[in-house]
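> Protein chains in written order, with the working numbering: chain A, 22 to 135; chain B, 3 to 114.
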């Protein structure tokens, strides 16, 4: 992957409202796709990943993401957020035929308003 | 419980000093990685190791060094050549190279 773009640096949303965090990537080959979550002063935890098969991927904590090959996107969604979802979310991409590692987006901070 | 342990959680470096960040994993993973995280940026790869006694430079290896003498350990040394070392450092491991990565809780390095 040449680059990964997370279109929003911050997303404020009211508690129990739905949320979508956007991720686009540029690559001319097949890719693996990941979403990680980082709580304050902690490491990253895998939310979900797309390797192959169904383009709708379900992860932990009620999150899901949809791979759209034509739009080179992998947006993360949750139908109803909670205060505990306050964190930073990172999208990452790895090209299948590359010897290189993950290419990371800059992150999106999810801010839950009570 | 299996996991990745990074120590110390906070570290301070004086000018001209080398410091070493510890990373230990008991997951029996072959591959290990070091990342640097700065505010508003994604993770940048410093070094990675696919197997014991082997490691490769990532995107920003200048001013850093590593060793991989044991499968479970992958220490990172921030040398005095790294002029802007203040950052959050994350260690990760995966069962095999390019596998799903598992992260430690990080070390925050600051300059005195």
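Ideal Cβ placement from N, Cα and C applies to all residues, glycine included.
#1: Might you give, ordered along the chain, the residues of its own chain that have their beta carbon closer than 6 Å to the beta carbon of residue 90(B), omitting 5 neighbours on each side?
#2: For residue 70(A), which residues in chain B fall below 9 Å Cβ to Cβ?
#3: Flag this pair as yes or no: are the beta carbons of residue 27(A) and residue 43(A) separated by less than 8 Å?
#4: Can you pull out the residues from the segment 23-46 of chain B whose beta carbon lies closer than 9 Å to at least one beta carbon of chain A?
#5: Considering only residues of the same chain and omitting the five flanking positions on each side of residue 87(A), which have a CB-CB separation below 7 Å?
#6: Within 8 Å of any Cβ in chain C, is that where the Cβ of residue 65(B) sits?
#7: Would you mind telling me which residues of chain A sit closer than 8 Å to residue 1(B), beta carbon to beta carbon, in chain order?
#8: Please work out which residues of its chain come closer than 6 Å, Cβ to Cβ, to residue 70(A), disregarding the five sequence neighbours upstream and downstream, and give them in chain order.
#9: Find out if the Cβ-Cβ distance for the pair residue 94(A), residue 62(A) is shorter than 8 Å.
#10: What did DSSP end up calling residue 97(B) once you bin it into helix, strand or coil?
#11: So residue 50(B) contacts chain A; which residues on that side make the cut at Cβ distance below 8 Å?
#12: Looking at the structure shown, is residue 62(B) part of a helix, part of a strand, or coil, going by DSSP?
#13: Can you give the Cα-Cα distance for residue 81(B) and residue 65(B), rounded to whole angstroms?
#14: In terms of residue numbering, what span does the beta strand (DSSP E) encompassing residue 67(A) cover?
#15: Does any residue of chain B bring its CB to less than 8 Å from the CB of residue 74(A)?
#16: Run down chain B in chain order and give the residues with a C-beta less than 7 Å from the C-beta of residue 125(A).
#17: Please return the same chain residues whose Cβ sits closer than 6 Å to the Cβ of residue 35(B), not counting the five positions on each side in sequence.
#18: Determine the chain B residues that contact residue 115(A) at a beta-carbon separation under 8 Å, and present them in chain order.
#19: Roughly how far, in whole angstroms, is the beta-carbon of residue 98(A) from the beta-carbon of residue 50(A), given that I think they are within contact range, below 8 Å?
#20: According to DSSP, what are the bridge partners of residue 56(B)?
#21: So, with DSSP's three-state summary, where would you put residue 24(B)?
The short version:
#1: Looking up residue 90(B) in the second chain gives position 88. The residues are 39, 108, 110.
#2: Along the first chain, read from residue 1 onward, the residue named residue 70(A) stands at position 49. What residue 70(A) touches in chain B: 102.
#3: For this step, residue 27(A) is matched to residue 6 along the first chain. For this step, residue 43(A) is matched to residue 22 along the first chain. In this structure, residue 43(A) lies closer than 8 Å to residue 27(A) by Cβ.
#4: 35, 37, 39, 42, 43, 44, 45, 46
#5: Counted from its first residue, the first chain places residue 87(A) at position 66. Counting only Cβ-Cβ distances below 7 Å, and skipping sequence neighbours, we find 76, 77, 96.
#6: Checking the listed chains, one finds no chain C in this structure; the protein chains it contains are A and B.
#7: Only positions 3 to 114 of chain B appear in this structure, which leaves residue 1(B) out of reach.
#8: Against the first chain, residue 70(A) aligns to sequence position 49. The residues are 55.
#9: Taking the first chain and counting its residues from 1, the one referred to as residue 94(A) is at position 73. Taking the first chain and counting its residues from 1, the one referred to as residue 62(A) is at position 41. Against a cut-off of 8 Å, the Cβ pair of residue 62(A) and residue 94(A) comes out as no contact.
#10: Looking up residue 97(B) in the second chain gives position 95. In this structure, DSSP gives residue 97(B) a state outside helix and strand, which the three-state scheme calls coil.
#11: Indexing the second chain from 1 puts residue 50(B) at position 48. Per Cβ cutoff of 8 Å: 122.
#12: In the second chain, counting from the first residue as 1, residue 62(B) sits at position 60. In this structure, residue 62(B) counts as coil in the three-state DSSP scheme.
#13: Position 79 of the second chain, counted from the first residue, corresponds to residue 81(B). Position 63 of the second chain, counted from the first residue, corresponds to residue 65(B). If you take the alpha carbons of residue 81(B) and residue 65(B), they lie about 5 Å apart.
#14: Indexing the first chain from 1 puts residue 67(A) at position 46. Element bounds for residue 67(A): 65-71.
#15: Indexing the first chain from 1 puts residue 74(A) at position 53. Output row for residue 74(A): interface = no.
#16: On the first chain, position 104 is the one that residue 125(A) refers to. Correct list: 44, 45.
#17: Within the second chain, residue 35(B) is the residue found at index 33, counting from 1. Non-local C-beta neighbours of residue 35(B) in its own chain, meaning closer than 6 Å and more than five positions away in sequence, comprise 50, 94, ordered along the chain.
#18: Taking the first chain and counting its residues from 1, one reaches residue 115(A) at position 94. Near residue 115(A) (Cβ distances below 8 Å), the residues of chain B are 100.
#19: The residue labelled residue 98(A) in the question sits at position 77 within the first chain. The residue labelled residue 50(A) in the question sits at position 29 within the first chain. That pair is no contact at about 26 Å.
#20: Here the question's residue 56(B) lines up with position 54 in the second chain. Its beta-bridge partners are 53(B).
#21: In the second chain, counting from the first residue as 1, residue 24(B) sits at position 22. Of the three classes helix, strand and coil, the one that applies to residue 24(B) here is strand, per DSSP.
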